[in-house]
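Counting in the working numbering, the sequence shown runs from 34 upward without gaps. Just below is one structure, and these are the notes that go with it.
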Amino acid sequence: MARGLFLRPSLSIELDAAHFEFDDAVLHHPAKYEDPVVRVFVHELLHFWQTLSQSFLTGLALAEWRRLIEFERSGLPSGADHPVREFLEPHPELGFSAWDLSEALCRYWDVHIIGPVKLIEHNERVLEFLRFFPQAKEHLYREVNGERQYSSLAFDLLMRGEDSYAEPYRYALDRWGSNQSVIFFPIAGHFALQSPRPIAVFAEASDRIRRTFQLDRMRDLDIHYVWPAVFDRVRRICAEACADLCGDRGLEAGWKHMERVGVEDHPVFRHYLALLESTSDHWGNDPPGGLDYCFALPGNPTCRERLAYAFRPPATIFHDGVWSGRSPLSLTARLFGNLEGVLEEELLTEQAREIHERGRKVRQAELRARLSSASGGITIRSRARPLPSGTGSPTRAAAGHREGDRIRLGSAADAVSLAVTLRDRGDVDGAVRACTEAVDLARDPPTAEPKRHGAKAARILGDLFEERGEQETAIGHYLEAIEMGRESGTPAGLDDAAQAAVTLGALAGRDGDARAAEAFLRDALRFGAESGTPEGTRSVARAGFNLGFLFTGRDPDAAQEAFAGAVRAGRELADPGGWEVAAMAALGLGNVRRDSAAPDAAAAYREAVELGRRSGTPRGEEVAHAAEIELARLPD
Numbered sequence: 034m035a036r037g038l039f040l041r042p043s044l045s046i047e048l049d050a051a052h053f054e055f056d057d058a059v060l061h062h063p064a065k066y067e068d069p070v071v072r073v074f075v076h077e078l079l080h081f082w083q084t085l086s087q088s089f090l091t092g093l094a095l096a097e098w099r100r101l102i103e104f105e106r107s108g109l110p111s112g113a114d115h116p117v118r119e120f121l122e123p124h125p126e127l128g129f130s131a132w133d134l135s136e137a138l139c140r141y142w143d144v145h146i147i148g149p150v151k152l153i154e155h156n157e158r159v160l161e162f163l164r165f166f167p168q169a170k171e172h173l174y175r176e177v178n179g180e181r182q183y184s185s186l187a188f189d190l191l192m193r194g195e196d197s198y199a200e201p202y203r204y205a206l207d208r209w210g211s212n213q214s215v216i217f218f219p220i221a222g223h224f225a226l227q228s229p230r231p232i233a234v235f236a237e238a239s240d241r242i243r244r245t246f247q248l249d250r251m252r253d254l255d256i257h258y259v260w261p262a263v264f265d266r267v268r269r270i271c272a273e274a275c276a277d278l279c280g281d282r283g284l285e286a287g288w289k290h291m292e293r294v295g296v297e298d299h300p301v302f303r304h305y306l307a308l309l310e311s312t313s314d315h316w317g318n319d320p321p322g323g324l325d326y327c328f329a330l331p332g333n334p335t336c337r338e339r340l341a342y343a344f345r346p347p348a349t350i351f352h353d354g355v356w357s358g359r360s361p362l363s364l365t366a367r368l369f370g371n372l373e374g375v376l377e378e379e380l381l382t383e384q385a386r387e388i389h390e391r392g393r394k395v396r397q398a399e400l401r402a403r404l405s406s407a408s409g410g411i412t413i414r415s416r417a418r419p420l421p422s423g424t425g426s427p428t429r430a431a432a433g434h435r436e437g438d439r440i441r442l443g444s445a446a447d448a449v450s451l452a453v454t455l456r457d458r459g460d461v462d463g464a465v466r467a468c469t470e471a472v473d474l475a476r477d478p479p480t481a482e483p484k485r486h487g488a489k490a491a492r493i494l495g496d497l498f499e500e501r502g503e504q505e506t507a508i509g510h511y512l513e514a515i516e517m518g519r520e521s522g523t524p525a526g527l528d529d530a531a532q533a534a535v536t537l538g539a540l541a542g543r544d545g546d547a548r549a550a551e552a553f554l555r556d557a558l559r560f561g562a563e564s565g566t567p568e569g570t571r572s573v574a575r576a577g578f579n580l581g582f583l584f585t586g587r588d589p590d591a592a593q594e595a596f597a598g599a600v601r602a603g604r605e606l607a608d609p610g611g612w613e614v615a616a617m618a619a620l621g622l623g624n625v626r627r628d629s630a631a632p633d634a635a636a637a638y639r640e641a642v643e644l645g646r647r648s649g650t651p652r653g654e655e656v657a658h659a660a661e662i663e664l665a666r667l668p669d
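Shown next as structure tokens:
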């Protein structure tokens, strides 16, 4: 399945897919497209529109831009009080965050725009539900003028996925019921994200909406007619809730926030501010065609048509190409010269991509800072984030039981077993959900047994996200694997802690943070030795090799000691993988001895040749060949 990412500081979209020619139908009629990349693009496009219109997210994007500028000025990453923490932090009572709310809104519009009928056909979780309750199928669709339309049951099933994004909509369903949730959720969520405290305002507004409207028993409502009728009243309710909770800070549209804080130093934001101010003047702000109305309800075909006309992302980046943000409104504005600050599309795309590349450096620096901080004492507990739902949900084990419309597995061990099976079959989404459930089941248990299974699940999650290139998420899971494995005190738990520590050490070393790398790798040596298992010995060998590589050129004595330990551990394993690592360590040992004029470099090279040949692996053969070359170069 294709993956996507919305990059707030540059307002651009990145798609993990090959480039194809842009067609306006992608914006105006995305439900007609079978290509799953289009579904991902639509989701990220919704995040782009959110950032232009919802001041909480606008402020977050601009704060990240200021962070980038500050990093380029000082070379230091931002501190712990960065607004991203406020965005991600779950509400202490409700359990979901502003991030969850923004994602829930996007999921809401994914369902409306692409269509539940099509999504259900590709959603394993819903198909699984139907296998257990086949009688529900007749309630998912209805025929209207010869077309299959979805029911509230179909919509609710897709919205109540098995991840934190579903929590805001579950909250709405509990208070409003199905009919009113589909009407009020997008409007209340939109205006809550125009406040300084989105979740508190959303909760307070939810209670006031419940006391104001009684639409839950009405049938056959056409939401496209109901939305204009209730829009202003819901906006006032949200504004009143914001005034009561936030003092002098009222609701603020994204473009108003840009005006207030200034975007003169950001060419891409300046471009969109000019377009936003112009459309606000011409469209107004009232239903059914006002600017705020369109941004609040982008799944309405008329609203989406207007937004697509005026606001397209500056760059959509593929593996091998890019879409430029060519909107008809910006073209008209430039032709007539009536909007200052509007950029020609190619220049706009170039500016967005340049900011995106600059932002990569900031993220790398912050990653190194987090690794350094974590290495001093690993106490961070991650909040697992499943991949987006939609494909590949796990087939549940017989040991499972139901909680509402969810099927919970009976134990962490069952969940890990299922996750390994799904991972080996290539079902990454299913493996992530099963691992996440295993970690949840293992947290704060009365015995060590669930902890060891939780450590394995967290370590697998780290591997899956690392393979996807999502290092920040992967690091959180690796840290939790270390914590759970250490707390379990079991050999298996310590094995997973050791493997996670080796990976974190390698990541830190690759990013140039020697202090963090050494701390993690020494933890791996300790955990591997304490476990006393072959897997623990394997981690000792890998950690020793990485430590030797880390010390090479800095501390020859420490490098020799680490490489020699890795050779011993690899030999002890007495299998191809162990011999391969031992051969690599012996080659490194020979190089250190040669460069420091220490004796016995030739002996280390000969050992590398022997072990590499014994391993029989392609890498082992390469190491043996390299050692032979180095051996021949030594003076007699």
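From the three backbone atoms N, C-alpha and C, an ideal C-beta is built for every residue, glycine too.
Problem set entry | Residue burial classification, glutamate 505 (beta-carbon count within 10 angstroms, cutoff 16) | exposed
Problem set entry | Which residues DSSP lists as bridging isoleucine 350, in chain order | Glu47 and Val355
Exercise. Along the chain, where does the beta strand (DSSP E) that runs through phenylalanine 246 open and close?
Worked result: Phenylalanine 246 -> no beta strand (DSSP E), and no H or E assigned at all.
For this session: Select from Ser313, Glu503, Trp288 and Arg293 the residue whose C-alpha is nearest the C-alpha of arginine 393.
Result: Of Ser313, Glu503, Trp288 and Arg293, the smallest CA-CA separation from arginine 393 is found for Glu503.
Exercise. Do the stretch 225-238 and the stretch 130-143 touch if we need at least three Cβ pairs shorter than 8 Å?
Worked result: Flag = yes, the stretch 225-238 and the stretch 130-143 touch.
Exercise. What residues in its chain sit with their C-beta under 7 Å from that of alanine 471, if we drop five residues either side in the sequence?
Worked result: Setting aside the 5 residues that flank it on each side, alanine 471 is surrounded in the same chain by Ala445, Ala448, Val449, Ala452, His486, Gly487 and Ala490, each with a C-beta closer than 7 Å to its C-beta; the list follows chain order.
Exercise. Nearest to proline 346 by CA position, among Trp82, Asp49 and Arg268, is which residue?
Worked result: Trp82
For this session: For arginine 559, I'd like the list of residues in its chain whose CB is within less than 6 Å of its CB, leaving aside the five on either flank, ordered along the chain.
Result: none
For this session: Check whether the Cβ atoms of valine 3 and arginine 575 lie closer than 8 Å to each other.
Result: This structure gives no information on residue 3, because the portion of the chain shown stretches from 34 to 669.
Exercise. To the nearest angstrom, how far is it from the Cα of aspartate 49 to the Cα of arginine 36?
Worked result: 5 Å
For this session: Write down every uninterrupted run of the alpha helix (DSSP H) in the stretch 512-574 whose length is 4 residues or greater and which is fully enclosed by it, in chain order.
Result: Given a length threshold of 4 residues, each whole run of the alpha helix (DSSP H) inside the stretch 512-574 is given here in chain order: 524-543 and 547-564.
For this session: Tell me phenylalanine 39's beta-bridge partners as DSSP assigns them.
Result: As DSSP reads the structure, phenylalanine 39 sits in a beta bridge with Ile46.
For this session: Note down the Cα distance separating aspartate 281 from arginine 571, rounded to an integer number of angstroms.
Result: So the alpha carbons of these two residues sit roughly 60 Å apart.
Exercise. Is the beta carbon of phenylalanine 584 sitting closer than 8 Å to the one on methionine 617?
Worked result: Pairing phenylalanine 584 with methionine 617 gives a Cβ-Cβ distance that is not under 8 Å.
Problem set entry | Reduced DSSP secondary structure (H/G/I, E/B, other) of alanine 236 | helix
Exercise. Leaving out the 5 sequence neighbours to the left and right, which residues in its chain are closer than 6 Å to proline 320 when beta-carbon positions are compared?
Worked result: Pro261, Phe264 and Tyr326
Problem set entry | Residue interval of the alpha helix (DSSP H) (run including aspartate 207) | 200-225
Problem set entry | Nearest-angstrom beta carbon gap, alanine 225 and cysteine 271 [assumed within contact, 8 Å] | 6 Å
For this session: Could you please give me the residues that DSSP links to alanine 599 through a beta bridge?
Result: As DSSP reads the structure, alanine 599 sits in no beta bridge.
Exercise. From this set, Gly128, Leu278, Phe328 and Leu95, which residue's C-alpha is nearest arginine 293's C-alpha?
Worked result: Leu95
Exercise. Can you name the start and end residues of the alpha helix (DSSP H) that tyrosine 326 belongs to?
Worked result: 324-329
Exercise. How is histidine 434 classed by DSSP in three states: helix, strand or coil?
Worked result: In this predicted model, histidine 434 has a pLDDT of only 33, less than 50, meaning its place in the structure is not dependable enough to derive any value.
For this session: Classify alanine 417 as helix, strand or coil using the three-state DSSP reduction.
Result: Unreliable positioning characterises alanine 417 in this predicted model, as indicated by a pLDDT of 35, which lies under 50. The coordinate reading is nonetheless provided below. In the structure shown, alanine 417 falls within a coil segment according to DSSP collapsed to helix, strand and coil.
For this session: State the CB to CB distance for the pair alanine 525 and aspartate 556, rounded to an integer number of angstroms; the pair is presumed to be in contact (CB under 8 Å).
Result: About 17 Å; that fails the 8 Å criterion.
Exercise. Would you say the stretch 58-66 touches the stretch 276-291, given that touching needs at least three Cβ pairs under 8 Å?
Worked result: no
Problem set entry | Secondary structure, alpha helix (DSSP H): runs of 4+ residues fully inside the stretch 62-86 | 69-86
Exercise. Using a Cβ-Cβ cut-off of 6 Å (strictly less than) and excluding sequence neighbours within five positions of glutamine 168, which residues of its own chain qualify?
Worked result: Note that glutamine 168 scores a pLDDT of 48, beneath 50, so its modelled location is shaky; the value from the coordinates is reported in the next line. For glutamine 168, where only same-chain residues beyond five positions count, there are no Cβ hits under 6 Å.
Problem set entry | Spatially closest choice to methionine 517 from Ala530, His223, Gly128 and His52, by CA coordinates | Ala530
Exercise. In terms of alpha-carbon separation, which member of Arg627, Glu47, Gly495 and His76 lies closest to threonine 349?
Worked result: Glu47
Exercise. What did DSSP end up calling alanine 286 once you bin it into helix, strand or coil?
Worked result: Note: alanine 286 maps to strand in three-state DSSP.
For this session: Within the same chain, show all residues whose beta-carbon is closer than 8 Å to that of valine 573, passing over the 5 residues directly before and after it, in chain order.
Result: Within the same chain, and ignoring the five residues on either side of valine 573 in sequence, the residues whose Cβ sits closer than 8 Å to its Cβ are Ala531, Ala557, Leu558, Gly561, Ala562, Gly598, Ala599 and Ala602.
Problem set entry | Per-residue burial, tyrosine 258 [other beta carbons within 10 Å of its own, 16 or more giving buried] | exposed
Exercise. Measuring CB to CB, does leucine 497 end up less than 8 Å from alanine 464?
Worked result: yes
Problem set entry | Residue of Glu499, Leu527, Ala307 and Tyr141 minimising C-alpha distance to proline 201 | Tyr141
For this session: Could you tell me if threonine 335 is buried or exposed, where buried requires 16 or more neighbouring beta carbons within 10 angstroms of its beta carbon?
Result: exposed
For this session: Please report the residue range of the alpha helix (DSSP H) in which arginine 458 lies.
Result: It is not in any alpha helix (DSSP H) - arginine 458 carries neither H nor E in the DSSP assignment.
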